[in-house]
Amino acid sequence: MSMINYASREINCKLVYYGPGLGGKTTNLEHVYAKVSPQTRGKMISLATETERTLFFDFLPVDLGTIRGFKTRFHLYTVPGQVYYNASRKLILKGVDGIVFVADSQLERMEANVESMQNLYDNMAEYGYDLTKIPFVVQYNKRDLPNAAPIKDLQAALNPGWPIEDAAQQKVTPDPSHPGENLVASEGGQWVGRAPYLEAVAVRGDGVFDTLKVVSKLVLKTLS
Amino acid sequence: MTGAASWSFSENDFKQIQTHLQAFLRDSNARCALLVDRTGQLVATVGETPQFDPTAFASLTAADFSANDQLAKMIGEPEFASLVHQGEKESMYLADVAKRVILVVLFDQRATLGLVKLKARSVVESLNKVFEEMFNRVGTGGAPQKGLLEGAEDEIDKLFG
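Chains as they are written, first to last, in numbering that gives the first Met the number 0: chain A, 0 to 223; chain B, 0 to 160.
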C-alpha cells in the first residue's frame, strides 16, 4: 500500500523479501545496509532469535532518490522463512507493494523453495492480492555453490508462468535482464507471463542491488 | 483487489490531524503522538520530537499492533482496539483509527493512563472522521496518486541508471 505524503513530499512503498529459511533474505538487506550511504538509509531492525534466525522480520528503510520533487522511500522487510512462523510471516505481507522471492539455488533446497512459493501464493490470496498483478521478482541466490541447480530447472519449478488472458497485455515483452528471453510470450498458442528473475550471490553482494532496482522500478511504474 | 490499495493525504488533511492531536496532547499531558499506518509507515508526529528513529519505531508499532490483532482473534475477540505498554517512567498507548491507522501516544509520569485513555477516546473519534473522509474521497483502492507520477517513466528510468 504505497502512501503519498504531500506534507513531507514523500512516496513510501513497502517491499517484502520472501523465501525459504536460510535462503539469504536477511543477507540481501544486510548488504544493502552496508553499501548504502548512511544519509540515504535508516536503522536496520532485526527481530531475530539468539541464533540469528529471523523471528518476526528485518526492516530497513532506504531512500532511492527524488521523482517530481518527491522523495521515494522504500521500506524493505524480510519474513521469517521457517515454515512454523507462518502467522507472523503473513502479517508482514499486509500492504505490500512489491515482492522479491529469494530462492536457494541448492538442489537439496528445491522442495523448500516450492513449498515457500506456494505459501506465498496462499498468503497473498488470503489478503486478496494477486501475485501475478503486483511487482514480483524472483532472485536465485547462492549461484556460486557447486550444488546449485540449473536456472532452467529453477525457473520450471518456481517461475513456470501464468496464463495471460487480457488481450491488451498479450504482446511480446523482452526481459531486460536476459537478452533473448521474454517476460511475456506466446507459448504453444497460450500467452504466458513470468516474473523477472535475477541470479545472485548475496553474501558477496552480487545481484543484490540489481534485484532491488528491478523490483523498485516496477513498483514506481505501477504508480505512473 | 490485485494488490494493496494506495492512499495519499494532502497538506490540509495533515493540518486537521495536527490540530486534533495538539489539542489532545494539551488535554492529556502526554508528550508526543504519532500516527502510523498499518503497513508501518509514519504518517504524522505531533508534540515533543522523539529521540529515537521514528521510521523504525513506526514499523515496530505496526508489527506490534498486527501481532496483537491476531492474538485477539485467537482468544475470540475481533480485535484489541487499544493497547498499553507501561514502563517505569515512559509508557505508550496505542489505539486503532479507522482500521487503517494506529495512534501512538507517548507519555511519562506527568500524565496518567486514565486521562490519556479518556482523552484518546475523543481524539480517536475525531481522527476516525478525518480518515474516513480522506479514504472516501480517494476511494478504497486504485492509485489516487496517478496524476503525480503519470508520464514520469523517464524520470524513473533515470533514477535507476
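Just so it is clear, CB atoms sit at the ideal spot from N, CA and C, and this is done for glycine as well. Note that the structure is predicted; figures quoted are calculated from it, not measured.
Reduced DSSP secondary structure (H/G/I, E/B, other) of residue i
{"i": "B:Gln-108", "result": "coil"}
{"i": "A:Lys-307", "result": "An answer regarding residue 307 of chain A cannot be provided, because it is not within the stretch 0 to 223 covered by chain A."}
{"i": "B:Thr-139", "result": "The predicted model places B:Thr-139 with a pLDDT of 46, which falls under 50 and marks its position as unreliable; any figure quoted below should be read in that light. Here B:Thr-139 sits in coil by DSSP."}
{"i": "A:Arg-108", "result": "helix"}
{"i": "B:Ala-94", "result": "strand"}
{"i": "B:Leu-147", "result": "helix"}
{"i": "A:Thr-53", "result": "strand"}
{"i": "B:Leu-114", "result": "helix"}
{"i": "A:Arg-67", "result": "coil"}
{"i": "B:Phe-134", "result": "helix"}
{"i": "B:Leu-158", "result": "helix"}
{"i": "A:Leu-222", "result": "coil"}
{"i": "A:Arg-40", "result": "strand"}
{"i": "B:Ala-119", "result": "helix"}
Own chain partners of residue i with C-beta closer than 7 angstroms, once the 5 adjacent residues on each side are dropped
{"i": "A:Val-61", "result": "Val-31, Val-35, Thr-39, Arg-40, Phe-73 and Leu-75"}
{"i": "B:Asp-26", "result": "Lys-118"}
{"i": "A:Met-109", "result": "Ala-148 and Ala-156"}
{"i": "A:Gln-154", "result": "Tyr-196"}
{"i": "A:Ala-201", "result": "Gly-23, Thr-26, Asn-27, His-30, Asn-140 and Val-207"}
{"i": "B:Leu-24", "result": "Ala-32, Val-45 and Gly-46"}
{"i": "A:Lys-93", "result": "Tyr-126"}
{"i": "B:Lys-88", "result": "Asp-107 and Gln-108"}
{"i": "A:Met-116", "result": "Phe-100 and Leu-157"}
Sequence-distant residues of its chain with Cβ nearer than 8 angstroms to residue i (five each side left out)
{"i": "B:Ile-101", "result": "Leu-34, Val-35, Asp-36, Arg-37, Thr-60, Ala-61, Phe-64, Leu-93, Ala-94 and Asp-95"}
{"i": "A:Thr-131", "result": "Trp-161 and Gly-192"}
{"i": "A:Ile-66", "result": "Ile-10 and Leu-219"}
{"i": "A:Leu-230", "result": "Because chain A here runs from 0 to 223, residue 230 of chain A falls outside it and cannot be looked at."}
{"i": "B:Ala-80", "result": "Ala-94 and Asp-95"}
{"i": "A:Val-113", "result": "Ala-156 and Leu-157"}
{"i": "A:Phe-69", "result": "Ile-3, Arg-8, Glu-9 and Ile-10"}
{"i": "A:Thr-48", "result": "Leu-54"}
Whole-number beta carbon distance between residue j and residue i, since they are thought to touch under 8 angstroms
{"i": "A:Gly-206", "j": "A:Leu-217", "result": "That pair is no contact at about 16 angstroms."}
{"i": "A:Asp-103", "j": "A:Lys-141", "result": "6 angstroms"}
{"i": "B:Val-45", "j": "B:Leu-20", "result": "4 angstroms"}
{"i": "B:Ala-57", "j": "B:Leu-41", "result": "4 angstroms"}
{"i": "A:Pro-159", "j": "A:Val-214", "result": "Their Cβ separation, rounded to whole angstroms, is 20 angstroms, which puts A:Pro-159 and A:Val-214 out of contact at 8 angstroms."}
{"i": "B:Val-83", "j": "B:Ala-29", "result": "At roughly 13 angstroms, the Cβ-Cβ gap does not stay under 8 angstroms, so B:Val-83 and B:Ala-29 are not in contact."}
6 angstroms CB neighbourhood of residue i in its chain, flanking five on each side removed
{"i": "A:Leu-219", "result": "none"}
{"i": "B:Ala-43", "result": "Ile-16 and Leu-34"}
{"i": "A:Trp-190", "result": "Ile-163 and Gln-169"}
{"i": "A:Phe-100", "result": "Tyr-17, Gly-18 and Val-137"}
{"i": "B:Val-175", "result": "The requested residue 175 of chain B is not part of the displayed model; chain B covers only 0 to 160."}
{"i": "B:Glu-78", "result": "Asp-68 and Ala-71"}
{"i": "A:Pro-255", "result": "This structure gives no information on residue 255 of chain A, because the portion of chain A shown stretches from 0 to 223."}
Minimum Cβ-Cβ distance from residue i to chain D less than 8 angstroms
{"i": "A:Phe-73", "result": "You won't find chain D in this structure, because its protein chains are A and B."}
In chain order, each alpha helix (DSSP H) run of at least 4 residues that lies wholly inside the region 43-86 of chain B: 53-73
The region 110-128 of chain A touching the region 97-112 of chain B, judged by at least three CB pairs closer than 8 angstroms: no
Run through the region 3-47 of chain B for me and flag every whole alpha helix (DSSP H) of 4 or more residues, listed as ranges in chain order. 10-27
Quick test of the definition: if touching needs 3 or more C-beta pairs under 8 angstroms, does the region 3-22 of chain B touch the region 5-20 of chain A? yes
Ignoring anything shorter than 3 residues, give me the beta strand (DSSP E) runs that lie fully in the region 69-102 of chain A, in order along the chain. 69-77
Could you tell me which whole beta strand (DSSP E) segments of length 3 or greater appear in the region 158-218 of chain A? 181-186, 189-192 and 196-198
Any chance you could list the alpha helix (DSSP H) runs of at least 4 consecutive residues sitting entirely within the region 0-34 of chain A, in chain order? 24-34
For the region 12-21 of chain A against the region 79-87 of chain A, do three or more pairs of beta-carbon atoms, one drawn from each stretch, fall closer than 8 angstroms, so that the two count as touching? yes
Jot down the residue ranges of each uninterrupted alpha helix (DSSP H) in the region 122-162 of chain A, minimum 4 residues, whole runs only, in chain order. 150-157
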